[in-house]
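Chemist:
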Amino acid sequence: MPAYKAPLRDMRYALYDVIGYDDLTKLPGYEDFDRDTVDAVLDEAAKICEEVLQPLNHSGDAEGCHYENGVVRTPKGFKEAYTLFRDGGWTSLACAPQYGGQGMPVSVNALVEEMICAANMSFGMYPGLTHGAYKALHAFGSKELQDSYLPKLVDGTWSGTMCMTEPHCGTDLGQMRTKAVPQEDGSYRVTGTKIFISAGEHDLTENIIHLVLAKIPGGPKGTKGVSLFLVPKFLPDANGNPGERNGVRCGSIEHKMGIKASSTCVMNFDDAKGFLVGEEHKGMKAMFTMMNTARLGVGVQGLGLAEAAYQGAVTYAKDRLQGRALSGAKFPEKAADPIIVHPDVRRMLLTQRAYIEGCRALAMWTAKCIDIYRMHPDPAEREKADDYVALVTPVIKAFFTDIGFEAANIGVQVFGGHGYIRDNGMEQLVRDARIAQIYEGANGIQGLDLVGRKMAMHAGRYMRTVFHPISEYVEANKANAALADFVGPLGKAFGRLQQATMHVARAGMARPDEAGAAATDYLRLFGLTVLAFMWARMAEVSLPQADSDPFHKAKVLTARFYMERLLPQTGALLATITAGGKTIMAFEEAAF
Amino acid sequence: MTINKVAVIGAGVMGAGIAAQVANAGTPVVLLDIVPAGATNRNAVAEGAVAKLLKTEPAPFMSKAAAKLITTGNIEDHLELLRDCDWIVEVVVEKLEVKQALYKKIDAHKKPDAIVSSNTSTIPLATLIAGMPQEFAEKFVITHFFNPPRYMRLLELVTSDKNSADTVKKITDFCDYKLGKGVVVCKDRPGFIANRLGVYWLQSAVVLAFEHGLQVEEADAIIGKPLGIPKTGVFGLLDLIGLDLMPHINASMASALPSTDPFHGMNKPLPLVERMIRDGYTGRKGKGGFYRLNREKGKLKEALDLQTGDYRAQKRMRVDAVTDAGRDLKKLFTHDSEHGRYAWDVARKTLTYAAALVGDAADDIVSIDEAMRLGYAWKWGPFELLDKIGVDWFVSKLEEAGCLVPPILQAARGKTFYRIENGKRQALTLSGDYVTLERREGVLLLADIKLTQKPVLKNGSASVWDIGDGVLCFEFTSIMNSLDADIVMLLNQTVQLVQSKYKALVIYNEGSNFTVGANLGLALFAANIAAWTEIEQLVGLGQFAYKGLKYAPFPVVGAPSGMALGGGCEILLHCSAIQAHAESYIGLVEVGVGLIPAWGGCKEFLARWQANTKMPKGPMPSVAQVFEYISTARVAKSAAEAREMMILRDGDGITMNRDRLLFDAKAKALKMAENYKPPAPPTYRLPGLSGKLALKMAVDSFAKMGKATKHDVVVSDVLADILTGGDVEYFDELSEDKLLELERKNFMRLVRNPDSMARVEHMLETGKPLRN
């Protein structure tokens with residue numbers, strides 16, 4: 157069974173040394189969250205994740221959720237764990253103080269989320285979905301709805317869901333059939349079936365608050381006629397406690413490849429009482445707000461799973477004695493050398509590690525921008541931060557989850573046959589990681605979002621927030637001999653990214669299929685290049701301390717590994733992208 | 098004999114505007130009106146009219162100097178002034194007795210062969226000349242201008258069988274060559290062509306909108322863009338004309354047209370419109386019209402709800418019938434919705450009415466199409482529209498509905514109204530035969546050349562055409578004719594080609610604008626992804642290509658019409674000569690988007706002003722002048738103004754008629770080619786740092802007065818660096834290449850500036866400059 161130790165040192169490094177967390181404590185509302193406070197939060201989070209959540213991960217997977225007569229039971233131990241989690245205040249960490257939240261910066265919360273996902277992704281789904289519902293309601297709900305629902309969502313006594321998908325429509329929500337009929341008292345009656353609803357029904361909380369997309373009859377066609385509704389499982393009574401049972405019921409739960417301890421429900425709404433959130437027909441806008449943060453959250457899931465897989469693989473590679481090093485025995489006193497002596501095993505471990513630490517730094521840069529967007533007094537700074545977040549959201553979602561799956565897969569490979577069997581928990585990580593590439597907008601859709609929308613927005617203004625910092629960094633450091641091994645490859649990859657960008661922008665303007673054909677490769681090229689930027693900056697931070705501190709020495713070596721062994725993919729990707737989509741589209745449908 | 102002097106009698110809006118356009122053509126003009134009762138200044142009316150012309154926007158004069166060509170007076174004291182006029186235009190009130198009394202006075206004072214015309218829009222020619230002597234009638238025609246006379250290209254000419262061929266030719270030539278009008282010959286029928294059809298169309302569109310229960314935005318969205326009607330739409334156009342005018346126009350049409358005319362069927366009372374007029378909601382000149390800008394609500398765009406009669410926020414319309422139909426008009430007309438039925442009803446009525454006008458208001462379809470294109474700015478005339486729809490389909494739908502099918506539509510069964518035969522355009526006649534359409538002499542159009550030729554060179558953004566006699570024509574074909582790397586490349590190739598096989602090059606196109614400048618979208622995108630090397634390369638390539646034009650061993654004539662901004666102005670500054678359409682709007686506007694001209698615009702503009710011998714001595718005056726123009730993004734509002742700004746030089750020409758521009762430019766190019774020598778490169782003496790300080794002080798004082806924004810100061814500073822030569826001393830002689838380098842270097846400074854990038858983005862997204 158892989159143990160999990162939260163990588164606190166590396167988290168602090170990314171947060172404090174690379175991204176410059178201290179800037180945030182100058183923002184109004186964040187003054188109280190100095191390093192001491194943050195350190196204490198991270199330590200406590202590590203404790204509950206390592207000691208409470210992680211031990212339930214394997215058993216939860218083996219047992220799964222139980223459905224009986226509309227009632228769902230989570231696996232053994234989940235309810236107790238959730239109570240501990242809620243009582244520890246973890247559901248309220250990043251929520252507004254006005255509703256009982258702790259108002260913690262997103263930067264800190266993201267690290268906590270990574271730990272939760274690494275320890276037990278299934279468990280993380282429940283508070284994760286609640287937080288999504290909290291955000292939508294906080295951004296768009298009426299004062300009345302906010303006052304009656306937010307405090308309970310914040311303190312975790314109630315949980316939340318996002319209900320979008322229907323049996324015949326997932327990505328294309330314009331085809332939605334669930335309808336909401338206006339009532340005289342201003343409420344609505346919601347009727348329809350939603351599927352794939354995570355945390356749609358369970359036994360962790362006394363009430364479940366569904367945020368449901370539905371159409372008001374007679375409204376505009378397609379997605380322009382979609383509105384967002386709040387539909388509680390129990391309608392609150394006069395005292396705000398769960399009262400009358402509402403017409404929403406779980407019809408069944410899915411039997412899935414992974415995240416088995418997370419209940420994935422078919423939800424039937426039958427004349428259920430609902431309340432409009434935001435304006436009529438503006439549901440997609442509200443949904444996207446929720447989805448954008450959710451997409452970043454899913455990216456972090458990928459990162460957490462990769463970390464878990466890496467830790468398992470390292471432990472095993474050091475313990476497993478098998479054969480001898482190619483250059484002769486390294487541990488002649490032992491029966492065999494541990495497999496970590498082998499270059500290929502090292503290649504696998506370093507691949508995981510270089511991606512993980514790069515992604516963690518990028519996650520921190522992004523979280524910092526979300527914090528700036530939330531709190532900065534200067535609107536120009538807020539706009540810039542928002543531009544950046546809009547741009548990298550699809551990259552983080554797709555690139556991180558692809559990396560998460562790759563890293564989990566490597567984890568199994570290092571274990572060999574012992575990874576393939578269930579007992580060691582490595583194959584669970586692969587299965588759990590797989591969903592992250594699919595939900596919240598499949599990774600292919602993320603590519604389209606990047607090349608089709610984000611790239612072109614305001615004649616490329618979003619792109620400026622990534623391209624200018626990299627360009628300026630390369631410019632400023634190209635004469636720095638100490639950094640040459642890092643800035644050189646970064647500059648090269650950046651040139652490829654610029655070239656690919658111009659190509660995709662031009663080709664895509666003329667023929668949308670060209671941009672579509674390039675989208676996935678382009679997103680990866682983008683992710684690899686931004687990661688190279690992170691690695692160059694980490695090398696810059698660690699180089700002066702590399703001789704005195706093994707942590708920094710390892711950093712610099714990992715940076716080298718990234719530049720030498722992973723970044724060169726960008727060359728192949730550029731070639732693929734510029735090859736265009738002609739051949740792909742020339743293939744007759746009948747010939748498939 | 099030609100027309101060398103003109104008189105306009107009646108100094109109202111139309112009369113004054115006509116006088117201004119005559120003056121714009123460089124022809125002296127007498128403007129007379131009545132003596133107001135009890136006036137001390139007996140010329141007050143005409144003088145006041147000229148004063149008002151000078152203040153009107155858009156300007157009736159192409160240059161303030163043109164106003165000096167107008168002599169004002171009154172019809173009691175100054176009829177003597179008619180003595181040497183070759184054409185006298187009457188533009189007085191639409192009252193027969195007033196007009197005829199005036200004609201008698203005119204007849205007594207005019208020279209015998211002077212032509213007299215009326216600008217009447219309602220009184221038949223036959224009625225006007227009833228009782229006038231034969232000699233007067235022989236020289237009398239109707240010249241019907243559209244408002245405003247400078248900008249509206251249509252001139253309807255009504256002649257009679259009494260006119261000699263010479264009279265008709267003389268007046269036609271003057272209106273065509275000198276006033277730049279598209280002259281359409283109409284028969285002596287009420288409303289002539291454009292208003293006869295136009296008024297019927299407007300009236301039908303409004304009446305039917307009420308009947309179909311539509312809102313103004315819906316109606317305008319349905320019959321606007323799909324049918325090639327200008328952005329204003331029907332209701333916006335009525336606001337512009339003035340709602341109060343419509344009852345008068347309708348009444349005069351109704352009284353003049355025979356009772357069988359379908360107009361009467363559409364001339365229905367509209368209670369809501371009547372109420373609007375009563376309450377002063379007469380359109381843009383009144384408290385508002387079908388649309389209005391509500392200033393109390395922060396310039397909120399509002400529209401009148403046709404059902405309730407109240408104003409409400411204007412809606413952005415997406416009409417399914419339009420979206421579903423795309424470009425297929427048949428789909429629009431058969432769309433199963435109130436919108437589809439409305440589109441069909443308006444189109445059916447309007448086009449059938451147009452067809453019935455053949456043989457009535459005009460003898461041919463071409464005149465009707467031309468009148469609607471030039472007079473109402475329709476993209477396609479009614480018969481061109483019928484070709485797009487399909488004549489047989491249209492006729493069968495008429496028959497299905499039991500409507501009368503006018504003769505020209507009968508004749509067109511199984512045919513099209515227009516066709517191309519042996520590279521010539523032909524039009525259908527009432528007899529069912531086709532006649533070949535010949536352009537007037539001196540008209541050369543690329544559109545015609547394209548019927549028979551393939552381009553000599555071509556890429557995604559430009560084409561090069563052989564326009565005969567050894568002359569090539571370079572045409573921009575990019576979106577909005579914006580300049581990009583492809584255009585620059587093709588220019589280089591073209592210079593090579595002309596050098597090897599041809600005599601001269603003309604740069605010209607038939608878009609509504611010559612070019613609005615460089616493709617800012619691409620440039621901003623490149624800047625956003627920090628593609629600095631590529632941007633600098635493109636700047637360098639443009640400089641190289643433009644310099645190539647300037648020093649080519651053959652003449653290059655730039656022939657702009659409409660806007661020629663930024664890089665478009667720079668290309669003209671590098672041409673050997675310019676032949677500009679009178680309605681050319683040229684200027685270096687780069688500072689508006691936070692940049693400076695860097696395709697040689699600064700150095701060419703400077704060279705022009707340094708070569709001006711009328712400027713005071715020393716390096717500073719010309720630098721200061723050019724600095725003022727570029728730093729304020731000054732655009733010449735006509736070719737005449739461009740000449741005052743020295744964008745046009747001595748020897749550069751102005752063509753009044755758009756259709757004659759290419760012919761004139763080609764003629765100029767061929768004339769220059771006879772013994773052409775490329776210019777010698779200029780050298781520059783610039784004031785250096787002390788000059789820069791002087792400019793900086795001027796800018797700072799503007800900033801203090803609040804006339805220059807924060808970023809204006811930054812951009813001006815960079816511009817001053819270029820124009821003063823940067824770090825030079827008075828006595829240094831700078832080469833052209835040194836200036837190009839300064840342009841390039843300083844352009845790169847600005848393109849990286851986030852405030853400049855914000856300006857570009859704002860311009861791209863709103864079409865308006867950002868004042869940051």
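Protein sequences, first through last, are from chains L and D.
The numbering used here applies: residue 157 is where the first sequence begins, and numbers increase by one.
The numbering used here applies: residue 98 is where the second sequence begins, and numbers increase by one.
Backbone N, C-alpha and C fix where the C-beta goes; we use that ideal spot for every residue, glycine too.
Here the structure is a predicted model, which is why all the values come from computation and not from measurement.
(1) Only counting runs of 3 or more residues, tell me where the beta strand (DSSP E) segments fall wholly within the region 391-427 of chain L, in order along the chain.
(2) Which term fits L:C515, buried or exposed, when burial requires 16 or more other beta carbons within 10 angstroms of its beta carbon?
(3) So D:K202 and D:L176 are in contact, right, with Cβ under 8 Å, and what is the actual spacing, rounded?
(4) Show which residues of chain D have a CB atom less than 9 Å away from the CB atom of L:M423.
(5) Going straight from the alpha carbon of D:L150 to that of D:I185, what length do you get?
(6) Check each candidate in D:T780, D:V238, D:K789 and name the one with the smallest Cα separation from D:T269.
(7) Taking D:V825 as the reference, which of D:L839, D:F271, D:L483, D:S813 has the closest Cα?
(8) Can you name the residues that DSSP bridges to D:G170?
(9) On the DSSP bridge list, what partners appear for D:A418?
(10) Measure the C-alpha to C-alpha separation of D:T65 and D:A656 and round it to an integer number of angstroms.
(11) Assuming the contact rule is C-beta atoms closer than 8 Å, D:L759 and D:L541 should be a hit. Round their C-beta distance to whole Å, please.
(12) Check whether the region 185-198 of chain L and the region 260-269 of chain L touch, using three or more Cβ-Cβ pairs below 8 Å as the test.
(13) Report the neighbours of L:R617 on chain D: residues whose CB is nearer than 7 Å to its CB, in chain order.
(14) Sort D:V255, D:G277, D:N391, D:G114 by Cα distance to D:E680 and report the nearest one.
(15) For a contact defined as C-beta to C-beta under 9 Å, what are the partners of D:L621 on chain L?
(16) For D:F881, count the other beta carbons within 10 Å of its own beta carbon; 16 or more makes it buried, fewer makes it exposed. Which is it?
(17) Of all the CB atoms in chain D, is at least one closer than 7 Å to the CB of L:T657?
(18) Contact check, D:D566 vs D:V553 under 8 Å by CB: the rounded distance?
(19) Starting from the beta carbon of L:R168, find every residue of chain D whose beta carbon is closer than 9 Å, and list them in chain order.
(20) In three-state DSSP terms, what is D:F622?
(21) Could you say which of D:D466, D:G288, D:D442, D:V463 lies nearest to D:L426 if we only look at CA atoms?
(22) Would D:L816 count as contacting chain L if we go by Cβ distances under 7 Å?
(23) Taking 7 Å as the threshold (C-beta atoms), are L:C251 and L:I761 in contact?
(24) Assuming D:E154 is part of the beta strand (DSSP E), what are its boundary residues?
(25) Starting from L:R620, find everything on chain D with Cβ-Cβ shorter than 7 Å and list it in chain order.
(26) Check whether the region 108-126 of chain D touches the region 673-683 of chain L, taking contact to mean three or more Cβ pairs, one atom from each stretch, closer than 8 Å.
(27) Determine contact between the region 716-727 of chain D and the region 775-795 of chain D, defined as no fewer than three beta-carbon pairs at a distance below 8 Å.
(28) For D:P157, count the other beta carbons within 10 Å of its own beta carbon; 16 or more makes it buried, fewer makes it exposed. Which is it?
(29) Measuring only between beta-carbons, confirm whether D:L580 sits less than 7 Å from chain L.
(30) Quick one: does D:A318 have its CB under 7 Å from some CB of chain L?
(31) By the criterion of Cβ-Cβ separation under 7 Å, what are the contact partners of D:G618 in chain L?
(32) Taking only the alpha-carbon atoms, compute the straight-line gap between D:V119 and D:K412 and give it to the nearest angstrom.
(33) Would you call the region 302-315 of chain D and the region 437-454 of chain D in contact, with 3 or more CB pairs under 8 Å?
(34) Under 7 Å Cβ-Cβ, which residues of chain D neighbour L:F689?
(35) Report the partner residues of L:G430 according to the DSSP bridge assignment.
(36) Just to check, is the beta-carbon of D:G803 closer than 6 Å to a non-hydrogen atom of the ligand GDP?
Modeler: Inspection of the coordinates gives the following:
(1) With a minimum length of 3 residues, the continuous beta strand (DSSP E) runs that stay inside the region 391-427 of chain L are 398-401, 404-409.
(2) Here L:C515 is buried, its C-beta having at least 16 other C-beta atoms within 10 Å.
(3) Confirmed, Cβ separation roughly 6 Å.
(4) Correct list: empty, because the minimum Cβ distance to chain D is about 33 Å.
(5) So the alpha carbons of these two residues sit roughly 20 Å apart.
(6) D:T269 has its Cα closest to that of D:V238, out of D:T780, D:V238, D:K789.
(7) Nearest C-alpha to D:V825: D:L839.
(8) DSSP lists D:L129 as the beta-bridge partner residues of D:G170.
(9) Beta-bridge analysis with DSSP links D:A418 to no other residue.
(10) In the structure displayed, chain D extends from 98 to 869; residue 65 of chain D sits before or after that span and is not available.
(11) Distance from D:L759 to D:L541 at the Cβ level is roughly 5 Å; contact confirmed, criterion being Cβ atoms closer than 8 Å.
(12) Remark: three or more beta-carbon pairs, one from each stretch, lie closer than 8 Å, so the region 185-198 of chain L and the region 260-269 of chain L are flagged as touching.
(13) In chain order: N625, E858.
(14) Between D:E680 and the set D:V255, D:G277, D:N391, D:G114, the nearest pair of CA atoms involves D:G277.
(15) Neighbours of D:L621 on chain L, chain order: H614, A615, G616, R617.
(16) With chain D covering only 98 through 869, there is no way to say anything about residue 881 of chain D.
(17) Among the residues facing chain D, L:T657 is included, as its CB has a counterpart in that chain under 7 Å away.
(18) The pair is not a contact, with the Cβ atoms about 14 Å apart (cut-off 8 Å).
(19) Against chain D, a Cβ distance below 9 Å from L:R168 picks out nothing, because the smallest value is about 32 Å.
(20) When DSSP states are grouped into helix, strand and coil, D:F622 belongs to the helix group.
(21) The shortest Cα separation from D:L426 among D:D466, D:G288, D:D442, D:V463 belongs to D:D442.
(22) So, not an interface residue.
(23) Chain L is shown only over 157 to 748; residue 761 of chain L falls outside these bounds and no answer can be derived.
(24) Boundaries for D:E154: no beta strand (DSSP E) harbours it, and the DSSP string shows neither H nor E there.
(25) Using a Cβ-Cβ cut-off of 7 Å, L:R620 is close to N625 of chain D, given in chain order.
(26) Counting Cβ pairs under 8 Å, fewer than three are found: no touch.
(27) Segments in contact, yes.
(28) Around the beta carbon of D:P157, 16 or more other beta carbons lie within 10 angstroms, which makes this residue buried.
(29) No, no contact with chain L.
(30) Chain L, which has no Cβ nearer than 7 Å to the Cβ of D:A318, makes this no.
(31) Near D:G618 (Cβ distances below 7 Å), the residues of chain L are A615.
(32) C-alpha separation (whole angstroms): 43 Å.
(33) At 8 Å Cβ cutoff, the stretches touch.
(34) Below the 7 Å Cβ cutoff, chain D contributes no neighbours of L:F689, its closest Cβ being approximately 13 Å away.
(35) Per DSSP, L:Y344.
(36) This structure does not include the ligand GDP; it has no bound ligands of any sort.
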